[in-house]
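Residue numbers (the numbering used here): 5 to 292. In this text, a Cβ means the ideal position worked out from N, Cα and C, and glycines have one as well. Encoded as structure tokens, the structure appears first; notes follow it.
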């Protein structure tokens, strides 16, 4: 397996994407995941947001990343596709992201549904909308040979039966799943039961712990965590993460474990990095 991280960790520190590349290089981390911005944002333009805009040339960015010894594991285009505006706004965004990812050297593009049941739609209507959306998305993904991941993060995707139906929207090896240990847990699921059902489809993993206070306050009432304010190993999800890592090991998973936690300008994610390395060593997981 390989270790990476999501640049969401440095949202609150107002870092630029290049500063995240430097952090990765300094900490011997060679895979990175970031959000994609479709348009111009003043906070990003001033260098205070650790994500990448689609107007940035992907080939030139790839050259810059090569100088830091860092590659994309995934780019995040997770505009919710379950709502009425999913086909209008989400699908064009994901399609652009797929073509951009192919040039930037990112093997995966992350997608998801909305956090809540979409207003004005029934469950079946929302599922029908998403099926048509993913049919369009996967056609383009196949042409570019880019994996489109569905992440458990919303009303539908954190419910295993709906996730199973979504992963079957299209019969394609390019439609897969991004496992998230924190989102599944906070949604009231057991990550150690959620993962085995879909482990054949997993191509990318978000590793996220959950604090006791957050679990007490919202577990089962929310479907996702924007970013965990808890270092790996310090929360109530740590044993689940260890068990999930063991399940991935037994299945022969050789993809990226992408850390998702508050960076706090470094210390919290550095603590998480040390924990995941030590845990993988204890579990006999070889890291590349």
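Report task. State the start and end residues of the unbroken beta strand (DSSP E) segment that holds residue 250. Result -> If you number the chain shown from 1, residue 250 lands on position 246. Here residue 250 belongs to no beta strand (DSSP E); instead the alpha helix (DSSP H) covers 242-255.
Query raised in the report: What distance in whole Å lies between the Cβ atoms of residue 134 and residue 170, which are believed to be in contact at a cut-off of 8 Å?
Result: Within the chain shown, residue 170 is the residue found at index 166, counting from 1. Within the chain shown, residue 134 is the residue found at index 130, counting from 1. At roughly 7 Å, the Cβ-Cβ gap stays under 8 Å, so residue 170 and residue 134 are in contact.
Query raised in the report: For the 8 Å Cβ check, are there 3 or more pairs between the stretch 93-106 and the stretch 137-147?
Result: yes
Query raised in the report: For residue 143, does the three-state DSSP call read helix, strand or coil?
Result: If you number the chain shown from 1, residue 143 lands on position 139. Reduced to three states, the DSSP call for residue 143 is helix.
Query raised in the report: DSSP puts residue 78 in a beta bridge; with which residues?
Result: The sequence position of residue 78 within the chain shown is 74, counting from 1. Its beta-bridge partners are 37.
**Report entry** For residue 84, three-class secondary structure by DSSP
**Finding:** Counting from one through the chain shown, the residue named residue 84 turns up at place 80. Residue 84: strand per DSSP, three-state reduction.
Query raised in the report: Does residue 281 have its Cβ less than 7 Å from a Cβ in chain C?
Result: Here there is only one protein chain, and chain C is not present.
**Report entry** residue 198 versus residue 30 - alpha carbon distance
**Finding:** Position 194 of the chain shown, counted from the first residue, corresponds to residue 198. Position 26 of the chain shown, counted from the first residue, corresponds to residue 30. In a straight line, the C-alpha of residue 198 is about 34 Å away from that of residue 30.
Query raised in the report: For residue 104, does the count of other Cβ atoms within 10 angstroms reach 16, so buried, or fall short, so exposed?
Result: One-based indexing of the chain shown puts residue 104 at position 100. Label assigned to residue 104: buried.
Report task. May I have a chain-ordered list of the beta strand (DSSP E) segments no shorter than 3 residues that lie completely inside the stretch 158-230? Result -> 179-184 and 206-211
Requested in this report: Using the DSSP secondary-structure output, state which residues sit across from residue 9 in a beta bridge.
Outcome: In the chain shown, counting from the first residue as 1, residue 9 sits at position 5. Its beta-bridge partners are 36 and 263.
Report task. Throw me the rounded Cβ distance for the residue 207 and residue 160 pair, which I believe falls under 8 Å. Result -> By 1-based counting over the chain shown, the position of residue 207 is 203. By 1-based counting over the chain shown, the position of residue 160 is 156. Not quite, the Cβ-Cβ distance comes to about 19 Å (not below 8 Å), so this is no contact.
Query - Cβ-based neighbour list, residue 25, same chain, cut-off 8 Å, excluding 5 preceding and 5 following - result: By 1-based counting over the chain shown, the position of residue 25 is 21. Hits under 8 Å: 36, 68, 69, 72 and 74.
Query raised in the report: Can you list, in chain order, the residues of its chain whose CB lies under 7 Å from that of residue 233, leaving out five sequence neighbours each side?
Result: By 1-based counting over the chain shown, the position of residue 233 is 229. Closer than 7 Å at the Cβ level, and outside the excluded window around residue 233, lie 215 and 266.
Query raised in the report: By DSSP, does residue 105 sit in helix, in strand, or in coil?
Result: If you number the chain shown from 1, residue 105 lands on position 101. Here residue 105 sits in helix by DSSP.
Report task. Measuring alpha carbon to alpha carbon, tell me which of 12, 65, 20 and 18 ends up nearest residue 80. Result -> On the chain shown, residue 80 is found 76 positions in, with the first residue counted as 1. Taking only the C-alpha atoms, the option nearest residue 80 is 12.
Query raised in the report: Looking only at its own chain, which residues have a Cβ that is under 8 Å from the Cβ of residue 178, when we skip the five neighbours before and after it?
Result: Translated into positions along the chain shown, residue 178 becomes position 174. So the list reads 142, 145, 146, 149, 150, 151 and 152, once near-sequence residues are dropped.
Requested in this report: Just mark residue 46 as buried or exposed, buried being the case when its beta carbon has 16 or more other beta carbons within 10 Å.
Outcome: By 1-based counting over the chain shown, the position of residue 46 is 42. So residue 46 ends up on the exposed side.
Query raised in the report: Excluding sequence positions up to five away, which residues of its chain have a Cβ less than 7 Å from the Cβ of residue 118?
Result: The residue you call residue 118 lines up with position 114 of the chain shown. The answer, listed in chain order, is 84, 86, 87, 158 and 159.
**Report entry** Own chain partners of residue 109 with C-beta closer than 7 Å, once the 5 adjacent residues on each side are dropped
**Finding:** Working through the chain shown from its first residue, we reach residue 109 at position 105. 66, 75 and 76.
Requested in this report: Ignore the nearest five residues each way along the sequence and tell me which others in residue 261's own chain have a CB closer than 6 Å to its CB.
Outcome: Against the chain shown, residue 261 aligns to sequence position 257. Excluding sequence neighbours, residue 261 sits near 5, 7, 209 and 211.
Query - Closest Cα partner of residue 155 within the set 166, 164 and 182 - result: One-based indexing of the chain shown puts residue 155 at position 151. Selected option, being the one with the closest Cα: 182.
Query raised in the report: Taking just the CA atoms, how far does residue 175 sit from residue 292?
Result: Position 288 of the chain shown holds residue 292. Position 171 of the chain shown holds residue 175. Rounded to whole angstroms, residue 292 to residue 175 spans 31 Å at the Cα level.
Query raised in the report: Which residues bound the beta strand (DSSP E) around residue 151?
Result: Mapped onto the chain shown, residue 151 falls at position 147. Residue 151 -> beta strand (DSSP E) spans 151-154.
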